[in-house]
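So this note's numbering is basically just the index in the sequence shown, starting at one, shifted up by 1. We treat Cβ as the ideally placed atom computed from N, Cα and C, and that holds for glycine. Encoded as structure tokens, the structure appears first; notes follow it.
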Amino acid sequence: MLDDCIDVGGEMITFKGQLGPQAEFLKKYSISAEKFSQSRLGWDVLSDIFSDYVIKRPQLQPTLNYVREQLGAAAGVHSIKARLKEPEHLIEKIIRKSIDNPDLVFSKDSYRSLVTDLVGIRVLHLFKADWAPVHDFIASQWSLAESPEAKVREGDNPDFIAKFEQRGCKVKKTSAGYRSVHYVIESSPSRERLLVEIQVRTIFEEGWSEVDHLVRYPYGTVSPIVGSFLDVFNRLAGGADEMASFIKALSGEIQELSSKHELAAKQLGKTIDELKIASAEKIKLQTELSALRPSAGEVIGYNANQWLNEMILMLRDDGQNSRLGNEAAGLLGNGLDRIKPPKPRKVGK
């Protein structure tokens, strides 16, 4: 393949203007000749699309920059990743989409409206509940080209899944795979209507998907053993999301209870001080008050203990990977005894 130079906005850009031999491309992306024939695509059409996209790809950068900057102002956002689709990956996606749906007609004039992720942005958030403000921001800031799709896993929390549906998301349940919410928004920085795909997911889910992609890439399969561990890793990522949300709620509940206990103790202590009784009696009452007051951590201990037990049961209930699930559950089980329900306090007479 020879490098060509083009003038884009006064800037000379070097690119590989030819798609290259069909056989080499199909081998690189693990697409059989039989599968390719099902796409009903001509290599000359794909070559035209490739060359057109290479020329127009730099023009998408301002849209990417604008959408990424706007998303940075949304509540709940931890970090943002963004990219423009690589030309070869575009051709590979067109082939696979055509195989799955032969009715799609791809050409140099139509591909930009049929491929929705030429501009792709990924929004990461810390806690599962942070998704809601990010969703509300996207829905209020841009027009949606289609209904958002929430990808969840079988067995995920039904209450949280219901929140996706309440905000108009289509829920897609899978037996494996990553959890993420996908949006396709419309952006019109010029006369042309451009589509941008936004994915919203937690940091834990991002970590799992990156490892899974690295192990499975490029377009191959993994051994059953590795696949089993990836499946358990997926479950652990989901458990980590639940744990992070629980820790956040636990921290808030402890602070709230501590404040209430402190206020109640101060008010009762003040009442004791104002009682017209002997000083010795006041000291005795204050001592008994301190002994009767459990710490907020002890009160919360009941909830933490129950939650850890539920997590262990979830990890052990994973079908064919029960052995791996038991090993993962053991990691939590080792710390279960550290959280004990409060014992009754004895008050001196």
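Residue 62 to residue 199 span [Cα, whole Å]: 15 Å
Helix, strand or coil: which one does DSSP assign to residue 227? helix
Spatial distance of residue 178 from residue 60 (CA atoms): 33 Å
Residue 124 versus residue 64 - alpha carbon distance: 16 Å
On a CA-only basis, which of 161, 225, 235 is nearest residue 246? Give me that one, please. 161
Measure the CB-CB distance between residue 112 and residue 95 and report whether it falls below 9 Å. yes
Would you mind listing the alpha helix (DSSP H) stretches within the segment 61-143 that are 4+ residues and don't spill past its ends, in chain order? 62-72, 88-101, 112-115, 132-142
Give the straight-line distance between the Cα atoms of residue 155 and residue 115, rounded to the nearest whole angstrom. Straight through space, the alpha carbons of residue 115 and residue 155 are spaced by roughly 30 Å.
To which residues does DSSP link residue 145 through a beta bridge? 186
Can we say the segment 226-245 touches the segment 203-218, given the rule of at least three CB pairs closer than 8 Å? yes
The alpha helix (DSSP H) with residue 25 in it runs from where to where? Residue 25: member of the alpha helix (DSSP H) spanning 23-29, first to last residue.
Thinking just about the alpha-carbon of each residue, which of 82, 102, 69, 84 is nearest to the one in residue 36? Nearest to residue 36 by alpha-carbon distance, out of 82, 102, 69, 84, is 102.
Classify residue 202 as helix, strand or coil using the three-state DSSP reduction. Here residue 202 sits in strand by DSSP.
Rounded Cβ spacing between residue 146 and residue 196 (contact assumed at less than 8 Å): 6 Å
Output needed for residue 209: all residues of its chain with C-beta closer than 7 Å, excluding positions within five of it in sequence on either side, in chain order. Closer than 7 Å at the Cβ level, and outside the excluded window around residue 209, lie 179, 234, 235, 238.
Three-state secondary structure (DSSP) at residue 160? helix
Report the rounded CA-to-CA distance for residue 164 versus residue 144, giving the unit in angstroms. Their Cα atoms are separated by approximately 21 Å.
Is it buried or exposed for residue 257, if we count other Cβ within 10 angstroms and need 16 for buried? Label assigned to residue 257: exposed.
Look at the Cβ atom of residue 150, then the Cβ atom of residue 126, and state whether they are nearer than 9 Å. no
Tell me, please, which residues DSSP counts as bridged to residue 151. 172, 182
May I have the straight-line CA-CA distance separating residue 32 from residue 24, to the nearest angstrom? Each residue's alpha carbon lies about 9 Å from the other.
Three-way DSSP call (helix, strand, coil) for residue 42 in this model: Judged by DSSP in its simplified three-state form, residue 42 adopts coil rather than helix or strand.
Could you check what DSSP says for residue 269 in three-state terms: helix, strand or coil? helix
Please work out which residues of its chain come closer than 7 Å, Cβ to Cβ, to residue 79, disregarding the five sequence neighbours upstream and downstream, and give them in chain order. 125, 126, 127, 204
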